[in-house]
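The next block holds one structure in the form of structure tokens; read it before the comments.
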Amino acid sequence: MSLLARAEALDAADPLASYRARFLPAPSVVSYLDGNSLGRPLAATATLMDEFVRDQWAGRLIQGWTDGWLEWPLTLGDRLGEIALGAAPGQTVVADSTTVLLYKLARAAVDARPGRRKVILDTDNFPTDRYVLEGIAAERGLHLHWIDTDPTTGIHPEQVLDAVDEDTALVLFSHVAYRSGWLADIPEINRIAHEAGALTLWDLCHSAGSVPIRLDEWGVDIAVGCSYKYLNGGPGAPAFAYLNSSLQSSVRQPIQGWMGHRASFEMGPGYEPAPGIRALLSGTPPILAMVPMHANLDVLAAAGIDAVREKSLQLTEYVLDLADEWLTPLGVEVVSPRDPSRRGGHVTLRRPGFEQLLEPLWSAGVIPDYRRPDGLRIGPAPLSTSFTEVHQGLSVLRDLAEKHR
Ligand SMILES: *Cc1c(COP(=O)(O)O)cnc(C)c1O
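In numbering that gives the first Met the number 0, the protein residues as written are 0 to 404.
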């Protein structure tokens with residue numbers, strides 16, 4: 000069977016194929032392969048946004064806060080926890096940005112392990128994670144222990160075992176590595192960290208909405224992630240944080256705002272944290288930016304995260320096959336795991352000079368993601384991408400890679 004015939008057969012057999020039509024069209028885009036950077040909007044999102052502005056904002060004005068807006072960070076958090084994170088209610092909030100939540104939670108975690116001076120992280124984690132931890136280390140006089148990860152794979156449990164000790168306060172990694180797509184073994188790394196008495200913080204930006212997550216079952220202490228990648232929340236959509244209920248009375252975040260107060264509207268003299276997960280909040284929640292999440296969670300719940308993962312693995316497998324057939328002969332290297340149990344939702348291809356192909360790719364309506372120095376990330380979001388769309392995009396890449404050899 001030809002590669003194109005295979006794409007057509009996969010599309011015909013795809014149980015999620017109908018979901019693609021629920022997304023708003025992008026007339027100039029032939030192949031969108033960057034769902035891992037900014038997910039596409041649902042048509043329902045445009046309707047909900049319009050209705051929200053007209054009926055709730057205009058119609059209810061400040062009454063909206065008591066109608067329910069004040070509860071959205073928690074109710075949306077619980078829903079997200081149930082549909083995508085494997086988290087029982089009362090442990091997830093929607094708030095802030097990933098960067099800000101990383102700061103709040105990592106600071107809270109190191110303060111919850113007083114006397115321990117070491118934080119373990121890896122050199123290939125996303126820049127914001129590394130930068131935030133550098134700042135916290137300087138603020139708290141901590142030592143950062145950097146694990147040198149191979150950028151073609153990612154963090155391995157043995158590396159954590161070698162690094163962790165009784166001086167370790169916190170261990171921080173990404174569930175799916177943003178560069179290679181490596182899927183970390185959360186349960187095993189948690190077990191190793193917990194044996195040494197350290198807390199774990201997982202960044203779920205590249206797995207939420209793409210890979211099934213079982214935070215409660217895996218014994219995760221803390222997690223953060225964003226909602227604008229595979230969760231289709233829109234540019235700058237708020238992030239989410241998970242704090243295991245067993246830690247909620249001992250872990251205290253540093254941005255003590257009125258929305259995390261025990262009684263926000265009493266306007267009292269001193270800060271007293273709210274009981275439970277609400278204490279993670281700081282200021283007024285970004286209600287407008289949370290509107291799309293209602294539509295996105297409905298769709299994800301209907302499709303089911305396991306079916307999404309199944310299609311995601313088929314899509315990335317197909318990308319690997321196209322790369323082997325078309326691109327490897329042109330000097331392109333695949334730098335993502337071939338083992339499906341260790342592969343997240345995207346595939347990264349590498350060749351010196353890939354940067355020059357970006358503009359011609361965009362002009363041809365093909366939108367992958369580029370990460371310096373020479374990585375092209377192919378991130379086909381399962382709910383909005385067809386196999387033929389992947390075929391189209393990579394055939395344009397092949398022609399350009401041949402021309403610019
Ligand atoms: C996308 C991403 C972020 C983004 O953080 P923002 O605060 O939303 O800019 C953080 N960490 C990882 C691993 C990411 O992939």
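Note that the Cβ used here is the ideal one computed from N, Cα and C, for glycine as well.
message: From the DSSP secondary-structure annotation, give me the bridge partner or partners of residue 225.
response: Translated into the one-based positions of the sequence shown, residue 225 becomes position 226. Answer is 238, bridged to residue 225.
field: Residue range of the unbroken alpha helix (DSSP H) whose run includes residue 118
entry: Here residue 118 refers to the residue found at position 119 of the sequence shown. It is not in any alpha helix (DSSP H) - residue 118 instead sits in the beta strand (DSSP E) that spans 117 to 121.
- prompt: Hey, which unbroken runs of the alpha helix (DSSP H) at 4 residues or more fall wholly within the region 169 to 227?
  reply: Listed in chain order, the complete alpha helix (DSSP H) runs (minimum 4 residues) inside the region 169 to 227 are 185 to 194.
message: I need the straight-line Cα distance from residue 168 to residue 38, nearest angstrom please.
response: In the sequence shown, residue 168 corresponds to position 169, counting from 1. In the sequence shown, residue 38 corresponds to position 39, counting from 1. The alpha-carbon atoms of residue 168 and residue 38 are separated by roughly 35 angstroms.
query: Considering only the beta carbon of each residue, do residue 290 and residue 0 sit closer than 7 angstroms?
result: One-based indexing of the sequence shown puts residue 290 at position 291. One-based indexing of the sequence shown puts residue 0 at position 1. In this structure, the beta-carbon distance from residue 290 to residue 0 does not fall below 7 angstroms.
query: Helix, strand or coil: how does DSSP classify residue 248 here?
result: Along the sequence shown, read from residue 1 onward, the residue named residue 248 stands at position 249. It is coil, neither helix nor strand.
Contact the region 209 to 229 vs the region 83 to 97: 3+ CB pairs below 8 angstroms: Taking a cut-off of 8 angstroms for Cβ pairs, the region 209 to 229 and the region 83 to 97 touch, as three or more such pairs fall below it.
- prompt: Quick one: complete alpha helix (DSSP H) runs, 4+ long, within the region 52 to 125?
  reply: Those alpha helix (DSSP H) runs which fall completely within the region 52 to 125 and span 4+ residues are 62 to 66, 71 to 79, 97 to 110.
- request: Determine which residues share a DSSP beta bridge with residue 366 and list them.
  value: Stepping through the sequence shown from its first residue, residue 366 is reached at position 367. Paired residues: 31.
task: Round the Cβ separation of residue 279 and residue 255 to the nearest angstrom and send it over; I've been treating them as touching at under 8 angstroms.
output: Walking along the sequence shown from the start, residue 279 turns up at place 280. Walking along the sequence shown from the start, residue 255 turns up at place 256. Contact flag wrong, Cβ pair sits at about 11 angstroms.
query: Mind checking whether the beta-carbon of residue 241 lies closer than 6 angstroms to any heavy atom of ligand 1?
result: Taking the first residue of the sequence shown as 1, we reach residue 241 at position 242. Checking the Cβ of residue 241 against ligand 1 gives no.
Host beta strand (DSSP E) of residue 37 (start-end): Sequence index remark: in the sequence shown, residue 37 carries index 38 (1-based). Here residue 37 belongs to no beta strand (DSSP E), and DSSP marks it neither H nor E.
task: Compute the minimum distance between the beta carbon of residue 125 and the heavy atoms of ligand 1, and state whether it is under 6 angstroms.
output: As a first step, residue 125 must be located in the sequence shown, where it is residue number 126. Correct: residue 125 has its Cβ closer than 6 angstroms to ligand 1.
- prompt: residue 145 bridges to which residues according to DSSP?
  reply: Taking the first residue of the sequence shown as 1, we reach residue 145 at position 146. Residue 145 pairs with 120.
message: Would you say the beta carbon of residue 202 is closer than 6 angstroms to some non-hydrogen atom of ligand 1?
response: Along the sequence shown, read from residue 1 onward, the residue named residue 202 stands at position 203. Indeed, a heavy atom of ligand 1 lies less than 6 angstroms from the Cβ.
field: Where residue 404 falls: helix, strand or coil (DSSP)
entry: Taking the sequence shown and counting its residues from 1, the one referred to as residue 404 is at position 405. In this structure, residue 404 counts as coil in the three-state DSSP scheme.
Cβ pair count under 8 angstroms reaching 3, the region 127 to 134 against the region 267 to 276: No: fewer than three Cβ pairs fall under 8 angstroms.
query: Count the other CB atoms within 10 Å of the CB of residue 61; is the residue buried (16 or more) or exposed (fewer)?
result: For the purposes of this step, residue 61 is taken as the residue at position 62 of the sequence shown. By the neighbour-count criterion, in which a residue is buried when 16 or more other Cβ atoms sit within 10 angstroms of its Cβ, residue 61 is exposed.
message: Measuring CB atoms only, is the region 382 to 392 touching the region 10 to 26, in the sense that at least three cross pairs come out at less than 8 angstroms?
response: Under the three-pair Cβ rule at 8 angstroms, the region 382 to 392 counts as touching the region 10 to 26.
query: Can you check whether the CB of residue 92 is closer than 7 angstroms to the CB of residue 76?
result: The count along the sequence shown starts at 1 and reaches residue 76 at position 77. The count along the sequence shown starts at 1 and reaches residue 92 at position 93. For residue 76 and residue 92, yes; Cβs fall inside 7 angstroms.
task: Evaluate residue 266 with the Cβ neighbour count: other Cβ atoms within 10 Å of its Cβ, from every protein chain shown; 16 or more gives buried, anything less gives exposed.
output: Residue numbering aside, residue 266 sits at position 267 when the sequence shown is read from its first letter. Exposed.
message: Buried or exposed, going by whether 16 or more other CB atoms sit within 10 Å of the CB of residue 347?
response: In the sequence shown, the residue the question calls residue 347 occupies position 348. Residue 347 is buried by the Cβ-count criterion.
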